[in-house]
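>
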Amino acid sequence: MGPVRVKAKTRLGIGPARPGRPGTRVEWWINNSLSALLLFLSDDSDISKDDQAIDYDNFTIRVVDAGVQDNCCSIPRYSLARDNFSYGDPYTSYNYKQVPPGVSDGFVEYYWLNELPTLSLHMVFMSCENTVNSPLYVDTAPYGLNYGSDSSLVTPSNYVTLGGMNASDLMELCSIEKIFLLPKKNYTDKSFEEIHSDLAYGFELSWYNINCENCTRGCYINSSDHRQYCIPAAHDPYLYITISGYFALLHGLKVVCGTPCVIIFLIYKWRRRHLSVYDTVEQFLQGQNNLMPVRYSYSDIRKISKGFKDKLGEGGFGTDNKGKLRSGRFAAVKLLGKSKANGQDFINEVATIGRIHHTNVVQLIGFCAEGSKRALVYDFMPNGSLDRHLFSREGSISLSWQKLHQISLGVARGIDYLHLGCDMQILHFDIKPHNILLDENLTPKVSDFGLARLYPTNGSITSLTAARGTIGYMAPELFYKNIGRVSYKADVYSFGMLLLEMAGKRKNVNALAENSSQIYWPYWVHDQVSDGKAIEIGDDATEEECKIVKKMIMVGLWCIQMKPMDRPTMKNVVEMLEGDLENLQLPPKPVFNLDVTPPNIEGESSSLSGDSTASTSLIENAY
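Residue numbers (the numbering used here): 44 to 666.
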């Protein structure tokens, strides 16, 4: 599109910003949508072609946050960074008029986004519990900075920094409170008085939207008419390099034949495939600017985990290592292995856990995405996973029936939150003891969202191209489509299998059972309850403990009903676990055929042996 000019008073809506505030509110229409900005102009200024706030030659307009005043005692009301502006916005923080050297060919001027100079500079407001002595940190204390309603900023020490900031630059016991934009310039003494003066002056935005999305070879701005065009094949600046490389390859094929050529071709295909995976992950991360987790570099990840020396365990998607943050807080670092799903497992984890804050769901602290190197940083769970304690492994804690009931209730609340507590419905698809972590107080945390999917909360049908999950915990509708559609009831089924294993402190399938009728635990325990027989949980078990176990069994049997429509919601499950045993009725006996091999399972291999941690992942075309 050509430049959108803001040049005539008849094209603008002009009025006071608000009572008692200097400046002028200017409104204009861009692409049939109303845009409004507060220009830092005096009340008697005329908005015309000569106004300093609007530069028609450079297509820029100067703006300032309405919360910033002419003294050093005010800060912006909201955070704003260059990443907040994207292709779809009517203005941008890049300046196409400043021509970088070496990009002109005498006919047109090419502007790639990574070559464009920026109009602004980032400034970061930080609060620290201790005094910081660093040349990067500019102290605001001498100026009596007024933080207004931002009570979180009232700390012993407050600072600002200029320019980009890495995670390693953040000092201990310091937190970022706001990010804003300054006009781009060289700061000499870095005094807060000078910085705040520029903050009150405002920063520039360009309303010339450079959009190359529809151009296969990039785009350029014609220097004569200032319009945007796609680069034709004849003027591709990289075309010569491409053709030269092609002829060099042909010459090499004449000299070297056979096995070396095959190796080169395979390396080329491998690189193209992995670059596509990296682009998929990076495009997702660039579109998620509102995510709270910190993005770490790979070197930061190595420092946190001390070179991955303290290994905690290994799951279906990578290895877990113990680490320590700069603040002294312990963390678990999951180093993801090679993905077979175009980076989908990594995207699933960041997209789901990144938006969740619940006491029964593991907290994602940060992540790393550098090419093939991807890692996730979680809260550290000192008591490990539930299966370690449930099946009496080395170093396990003996869990009482009351504690097991509390853990099951916490897991149910966490899954209920995933289904109904977020703006998007999150289906986990891999609920099992290995994916339930326990903190220092044995509070359960649902973890490992590598197979999770996001869906609208309007109850739309969930479509899957293959089964996903862990054999033994997967709902039958994932295999047999005639049972019912796939929905959140698949997680209910998995939770039911988990609950029955907790009630029996054993695997649901045990080929070594003394009695053949006890091989499949859910089938056997239903007969015991139906016949009014007692369930043996120990000679010294109290009557209250027997009731707890029976309640967990009956709720679990409701959850594993064959048809999804016969299973309760997780909200109902929470109510049943909180309620009295007398209010529960025994459900119909679940009917299963263990001799039938589930059809159409795609992805990684699945197994009933060992820890039952091998998962079947779904390879999809779209997220």
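Ideal placement from N, C-alpha and C gives every residue a C-beta, glycine not left out.
Helix, strand or coil for R125 per DSSP?
Of the three classes helix, strand and coil, the one that applies to R125 here is helix, per DSSP.
> Run the CB neighbour count on L318, radius 10 Å, all protein chains shown included, and call it buried at 16 or more, exposed below.
Low per-residue confidence applies at L318: pLDDT is 47, beneath 50, and the placement is therefore not dependable, though the value from the model is reported in the following sentence. L318 comes out exposed.
> Work out the CA separation of T183 and L480 for me, nearest whole Å.
Rounded to whole angstroms, L480 to T183 spans 43 Å at the Cα level.
> Would you mind giving the Cβ-Cβ distance between K367 and I347, rounded to the nearest angstrom? I have them listed as a contact below 8 Å.
7 Å
> Ends of the beta strand (DSSP E) at V405?
Note, V405: premise wrong, no beta strand (DSSP E); not H, not E.
> Sort F423, S441, V393 by Cα distance to C411 and report the nearest one.
V393
> Could you give the uninterrupted runs of the alpha helix (DSSP H) lying entirely in the stretch 422–452, keeping only those of 4 residues or more?
Listed in chain order, the alpha helix (DSSP H) elements of length 4 or more contained wholly in the stretch 422–452 are 429–433.
> Please classify R520 as buried or exposed, where buried requires at least 16 other C-beta atoms within 10 Å of its C-beta.
Looking at the sequence provided, one finds Glu at residue 520 rather than Arg. It is buried - the Cβ of E520 has at least 16 other Cβ atoms within 10 Å.
> Roughly how many whole angstroms lie between the Cα atoms of H448 and M595?
7 Å
> Check whether the Cβ atoms of N201 and S170 lie closer than 8 Å to each other.
yes
> Start and end of the beta strand (DSSP E) containing L205?
200–205
> How is L55 classed by DSSP in three states: helix, strand or coil?
Since pLDDT at L55 reaches only 38, below the 50 mark, its modelled position is unreliable, and the value read off the structure follows with that caveat. Residue state, collapsed to three classes: coil.
> Figure out for me which residue from Q112, S249, L494 has the closest Cα to the Cα of I9.
Outside the shown range of the chain, which is 44 to 666, sits residue 9, and nothing can be said about it.
> Which whole-angstrom value describes the C-beta separation of P607 and K532, a residue pair presumed to lie in contact below a C-beta threshold of 8 Å?
4 Å
> Closest to E618 by C-alpha separation, out of I310, G453, R417, G409, would be which residue?
That would be G453, whose Cα lies nearest to the Cα of E618.
> Under DSSP, the beta strand (DSSP E) around K594 begins and ends at which residues?
Per DSSP, K594 belongs to no beta strand (DSSP E); it is in the alpha helix (DSSP H), 586–602.
> With distances taken Cα to Cα, identify the nearest neighbour of N551 among E215, A577, P565.
Taking only the C-alpha atoms, the option nearest N551 is P565.
> Would you identify the three-state DSSP class for Q468, choosing helix, strand or coil?
strand
> How is the alpha helix (DSSP H) around N615 delimited, first residue to last?
613–621
> Over what stretch of residues does the beta strand (DSSP E) that includes D363 continue unbroken?
361–367
> How is the alpha helix (DSSP H) around A533 delimited, first residue to last?
532–547
> Which residue marks the beginning of the alpha helix (DSSP H) containing R345, and which one marks its end?
341–347
> Confirm, please, whether the CB-CB distance from S451 to L542 is below 8 Å.
yes
> Are the CB atoms of V203 and F168 nearer to each other than 8 Å?
yes
> Which residue from G575, V634, E586 puts its Cα closest to that of Q628?
Minimum Cα distance to Q628 is reached at G575.
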